Structure formats: structure tokens, C-alpha cells
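Residue numbers (my numbering): 200 to 373.
Cβ coordinates follow ideal geometry from the N, Cα and C atoms, glycine included.
If you're wondering where the values come from, they're calculated on a predicted model, not measured in any experiment.
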């Protein structure tokens with residue numbers, strides 16, 4: 200199966216806050232798949248309604264794609280289907296507060312908090328992607344701890360070793 204892992208941003212207030220806290224141009228991560236039956240591209244991602252499937256053209260109306268990594272790996276065939284049970288799972292708003300708090304009080308938290316609260320019934324955008332890639336045994340990254348910026352930087356450093364293809368969009372506006 201072939202998928203694309205993508206990184207994007209938008210003009211929403213939440214997106215701007217994520218970019219400000221993480222000091223990054225990226226605020227969101229998604230998976231794009233081609234549906235053979237419908238013959239269209241679909242985006243699967245964690246949005247504020249939860250994990251959703253959306254037409255790629257509709258996604259592009261409210262989001263600006265920045266970078267994508269194409270993965271063509273047979274191990275993805277079953278793991279994507281196995282993780283579709285996350286559809287409709289709640290978005291983890293509390294994790295935004297955790298990320299912001301962690302960034303602001305990083306030095307203190309590293310000393311005092313060893314295991315932050317993670318709810319497997321709630322996800323942010325990066326978590327869903329990690330469930331799929333970790334489930335396929337393509338990568339092994341911790342779930343519940345990564346921001347879109349960190350995951351994008353990790354992909355940039357490792358895509359060649361993993362035989363992924365990288366695409367950078369030229370519509371980046373700061």
C-alpha cells in the first residue's frame with residue numbers, strides 16, 4: 200500500500216498557537232491515501248471532531264500543505280485497516296495544554312514529571328499516524344509525546360534511510 204504522510208498548517212487560531220508554541224511553520228500532520236474504488240485522494244487525520252476521513256480537495260480548502268513523505272510498503276496494507284477503529288475517537292484538547300505547559304516549564308517538568316497523562320481514547324494528529332507506522336513495524340516512535348514539528352523533523356532526517364520519497368510544497372507563506 201502507498202500512503203503519504205503530510206504536514207500542513209492553516210490560518211486558524213489553534214494552528215497559529217501551535218506554530219507559536221513550537222516555533223514551527225507546521226501545526227498539523229495527516230495521512231493521504233488513494234481510494235481505488237472511488238478513484239480519489241482521501242485525507243485521514245485527527246481534527247477537532249476526532250479522527251476523520253476527508254476528501255483531499257476539501258482538506259486543501261482550509262489547509263496549506265508544506266511537506267509530504269510517500270511510503271510504499273506492503274506492511275501498511277493491514278495496519279491502516281486495523282487502525283480505522285480510531286475513526287470518531289475524540290481529539291485530545293488536554294494534550295494541547297500539556298504541550299504548552301511542557302514547553303513553557305520544560306526544565307522544571309523534566310525533573311519532576313516522568314510520565315505525563317496519556318489517554319488512549321483521545322488522540323492528536325501525530326498519534327494516529329504513529330499508530331499506523333508503528334503497527335506496520337516501519338518505525339518505532341513513542342505515541343503521545345510528539346508534536347507535528349518534531350515528527351516532521353524526524354521524517355526529514357530519516358526518510359532516505361527508510362526509502363521514502365519527500366515532496367516540499369512551494370506555497371509556503373510565513
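**Study point:** Run of the alpha helix (DSSP H) containing residue 206, from where it starts to where it stops
**Key:** Premise fails: residue 206 lies in the beta strand (DSSP E), 201–208, not in any alpha helix (DSSP H).
Exercise for review: Using DSSP bridges, identify the partner residues of residue 323.
Suggested key: For residue 323, which the question treats as bridged, DSSP gives no partner whatsoever.
Review point. What are the partner residues of residue 245, as DSSP defines its beta bridges?
Key: 250
Review point. Do you know how far the Cα of residue 205 is from the Cα of residue 214?
Key: 15 Å
Exercise for review: Please say whether residue 265 and residue 207 have beta carbons closer to each other than 7 Å?
Suggested key: yes
Review point. Which of helix, strand or coil does DSSP assign to residue 265?
Key: strand
Exercise for review: For residue 244, I'd like the list of residues in its chain whose CB is within less than 6 Å of its CB, leaving aside the five on either flank, ordered along the chain.
Suggested key: Here the set comprises 229, 324.
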